[in-house]
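In my numbering, the protein residues as written are 55 to 467.
As structure tokens, the structure follows; a few thoughts come after it.
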Amino acid sequence: MSPNSSTDRILIAGAGPVGMITGLALAQAGVPVTVFDTLADVPADHRASTLHPSTLAMVDRLGMTGSLIEQGLLSPIFQFRDRVAGRLVAEFDYGNLADDPTVEVPYPFALQVEQHKTILTAYGIAKDLPDFQILREHTVMEVAQDADGVTATVETADGARQEFSGRFLIGCDGGRSQVRKVLEIDFPGFTWEERFIIVSTHYDFEAADGFGYRNYLAHPERWSALIKVPGEEKEGVWRSLFPAFGDAPDEEVLTDDWIQARYRECLPYDPPYEILHRNLYMVHQRVAASFRAGRVLLAGDAAHVNNPVGGMGMNSGIHDGLNLADKLVRIWRGEAEAEVELARYDRQRRPMAEKYVQAQSIRNKELLQETDMAVRQQRLDELAATAGDPARHRAFLRNAALYTMIEEADAIE
Ligand SMILES: Cc1cc2nc3c(=O)[nH]c(=O)nc-3n(C[C@H](O)[C@H](O)[C@H](O)COP(=O)(O)OP(=O)(O)OC[C@H]3O[C@@H](n4cnc5c(N)ncnc54)[C@H](O)[C@@H]3O)c2cc1C
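If you want it as structure tokens, here you go:
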């Protein structure tokens, strides 16, 4: 193994949305980066689908937002429905943030766009920058550091190992982060008992029943989420998220029969539905015990994971990456002390991940699945009252779009 000669750079493990966008931000500021990813290509699997207004504003300065808007669906409105009573409980409209005096919102809507398109949009800009390098089929296996820098041991597809050196390393390598593991950083939290299944169809739920592009349906056993994404030809694809309770084996849960039964229970409009994709997975709520160990930082799912109700995982991960990129640029230019800035990154982002992303995503899921009918009624009524009061409506939106979190994090010294 011979150490790579380009030591004066930042290494990033993982080219998901967080690693790719963080790499783009650094390279645009003239900081050389090398991004490693295990995979040969960006997978077009069904993961995050919503970019909130705060994220659209942040990636605008990287030149991404115009292209994302061209590829996505503008989605100002999201709905909560009660499947027991068969009623629309509350409708929230990001358009109400346009004239909110407390926050500047240049894009008062969410954008529905598939995760891989967000990654490819960042890559499309980054690939032409002289300071951006990406090495695919390169898996970060080990990380060592001393007072001056870091060394990553990277394995290529043929099993060969090579060392790369840099000044800092960012672990953006997802929920099962190898970087977090080799640093022996704890990942406390819990795993939800039920599995989640994401399925998709072309069936037009907007035409069938006036659904918006992001909908949450409360039911004590059969709650669900219904989201529209553009699809590869902009033909419109509706994704449903259903809980998979019980001990039915994965193979059974993934069958057409099982999925059609959930569709009938949760969205009984015109079954059977054409099923385009299906994806079954376990969902966790966890936050790393530290987002930093010396010159190595964690961002995105490597640092925190949560359930997808509210669409906060990828958004808050991108916010981590851009917060960190700003600090690393200042350090790189000699404008700030590494020790001070990197400690502040952990102080700003870690407690806020707990306070906002974890708490809110858990609350969102619990609202949908509440089984105590009196509590359920009270919570849904409360939500309806929030939507009906202009000031509370806007406060709810600031929270949902993560503006409140950003503001509180940025105020931490
Ligand atoms: C099935 C599923 C569905 C989801 N649905 C939603 C949703 O509907 N809404 C929502 O907001 N969020 C959702 N999420 C979460 C969202 O996808 C994540 O928050 C987001 O992907 C985080 O981005 P990331 O870049 O931190 O990590 P990832 O997207 O996981 O990217 C990590 C990257 O690192 C690479 N990698 C891993 N290990 C290494 C290594 N050792 N060396 C080099 N490269 C490595 C991987 O190949 C990958 O490209 C979902 C997640 C899953 C798994």
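Cβ atoms here follow ideal geometry from the backbone N, Cα and C, with glycine treated the same way.
Practice problem: Please classify S129: does DSSP put it in a helix, a strand, or coil? | Solution: strand
Quiz item: Comparing alpha-carbon positions, which option in K235, R340 and A465 lies nearest N377?
Solution: A465
Quiz prompt | ligand 1 heavy atom lying under 7 Å from the CB of N377 | solution = Checking the Cβ of N377 against ligand 1 gives no.
Quiz item: Apart from the five residues on each side of it in sequence, which residues of its chain come closer than 6 Å, Cβ to Cβ, to S56?
Solution: Reliability fails at S56, whose pLDDT of 37 lies under 50, so the model's placement of it is uncertain and the value that follows must be treated cautiously. Around S56: no qualifying Cβ.
Quiz prompt | Burial state of F244 (16 or more Cβ within 10 Å) | solution = exposed
Quiz item: Which of the three DSSP states, helix, strand or coil, is assigned to T309?
Solution: In the three-state scheme derived from DSSP, where H, G and I count as helix and E and B as strand, T309 is classed as coil.
Quiz item: Sorry if obvious, but does the Cβ on F90 come closer than 7 Å to a heavy atom of ligand 1?
Solution: yes
Quiz item: For L439, which three-state DSSP category applies?
Solution: For clarity, residue 439 is Ala in the given sequence; the question names Leu instead. A439: helix per DSSP, three-state reduction.
Quiz item: Between the C-alpha atoms of N58 and R403, what's the straight-line distance to the nearest angstrom?
Solution: Low confidence applies here, because N58 scores a pLDDT of 44, under 50, leaving its location unreliable and the question unanswered by this model.
Quiz item: When every heavy atom of ligand 1 is checked, does at least one fall within less than 7 Å of the C-beta of Y335?
Solution: yes
Quiz prompt | Straight-line gap, A463 to A454 (C-alpha atoms, nearest Å) | solution = Between the alpha carbons of A463 and A454 lies a distance of about 15 Å.
Quiz item: Taking buried to mean at least 16 other C-beta atoms within 10 Å of its own C-beta, is M368 buried or exposed?
Solution: Buried is the call here.
Quiz prompt | Touch test, the region 351 to 362 against the region 222 to 230, Cβ-Cβ under 8 Å, three pairs minimum | solution = The count of Cβ pairs closer than 8 Å, one atom from the region 351 to 362 and one from the region 222 to 230, reaches three, so the stretches are in contact.
Quiz item: Measuring CA to CA, which of M118, L434, F265 and L422 is closest to S278?
Solution: L422
Quiz item: In the DSSP assignment, what residue or residues form a beta bridge with L105?
Solution: L165
Quiz item: ligand 1 heavy atoms versus the CB of I416: any closer than 7 Å?
Solution: no
Quiz item: Under the three-state reduction of DSSP, which class applies to H100: helix, strand or coil?
Solution: coil
Self-check item: Cβ neighbour criterion (16 or more within 10 Å) applied to R349
Solution: That one is buried.
Quiz item: Helix, strand or coil for P86 per DSSP?
Solution: coil
Quiz item: Just reading off the beta strand (DSSP E) that Q414 is part of, what are its end residues?
Solution: From DSSP, Q414 is part of no beta strand (DSSP E) but of the alpha helix (DSSP H) over A413 to Q423.
Quiz item: Which residues mark the beginning and the end of the alpha helix (DSSP H) in which W386 is found?
Solution: DSSP places W386 in the uninterrupted alpha helix (DSSP H) bounded by G367 to W386.
Quiz prompt | Contacts around L93, its chain only, beta-carbon distance under 7 Å, and the 5 residues preceding and following it disregarded | solution = So the qualifying residues of the chain are R190.
Quiz item: Does DSSP put N150 in a helix, a strand or coil?
Solution: The answer is helix: DSSP assigns N150 an H, G or I state.
Self-check item: Residue environment, M459, which counts as buried when at least 16 other CB atoms sit within 10 Å
Solution: buried
Practice problem: Evaluate T156 with the Cβ neighbour count: other Cβ atoms within 10 Å of its Cβ, from every protein chain shown; 16 or more gives buried, anything less gives exposed. | Solution: exposed
Quiz item: With F90 and H192 assumed to form a contact (beta carbons below 8 Å), what rounded beta-carbon distance in angstroms separates them?
Solution: 4 Å
Quiz item: Applying the criterion that 16 or more other CB atoms from any shown protein chain within 10 Å of the CB defines a buried residue, is F299 buried or exposed?
Solution: exposed
Practice problem: Tell me, please, whether the region 304 to 319 touches the region 247 to 262 by the rule of three or more beta-carbon pairs shorter than 8 Å. | Solution: By the Cβ rule, the region 304 to 319 counts as touching the region 247 to 262, because three or more pairs are nearer than 8 Å.
Quiz prompt | Cut-off 8 Å between Cβ atoms - residues of its own chain near A438, not counting five sequence neighbours on either side | solution = Around A438, the same chain offers V143 and A144 as residues with beta carbons nearer than 8 Å, after the five sequence neighbours per side are excluded.
Quiz item: For V429, is the classification buried or exposed, using 16 other Cβ atoms within 10 angstroms of its Cβ as the cut-off for buried?
Solution: exposed
Quiz item: Span of the beta strand (DSSP E) holding E217?
Solution: In this chain, the beta strand (DSSP E) harbouring E217 covers R215 to G220.
Quiz prompt | Euclidean distance between Cα positions of A273 and Q339 | solution = The question names Ala, yet the displayed sequence has His at residue 273. The alpha-carbon atoms of H273 and Q339 are separated by roughly 21 Å.
Exercise. With DSSP as the reference, label Y270 as helix, strand or coil.
Key: strand
Exercise. Can you check DSSP and say which residues form a bridge with E209?
Key: T193 and R215
Quiz item: In three-state DSSP terms, what is T92?
Solution: coil
Quiz item: According to the neighbour-count rule (16 or more other Cβ atoms, all chains shown, within 10 Å of its Cβ), is T425 buried or exposed?
Solution: exposed
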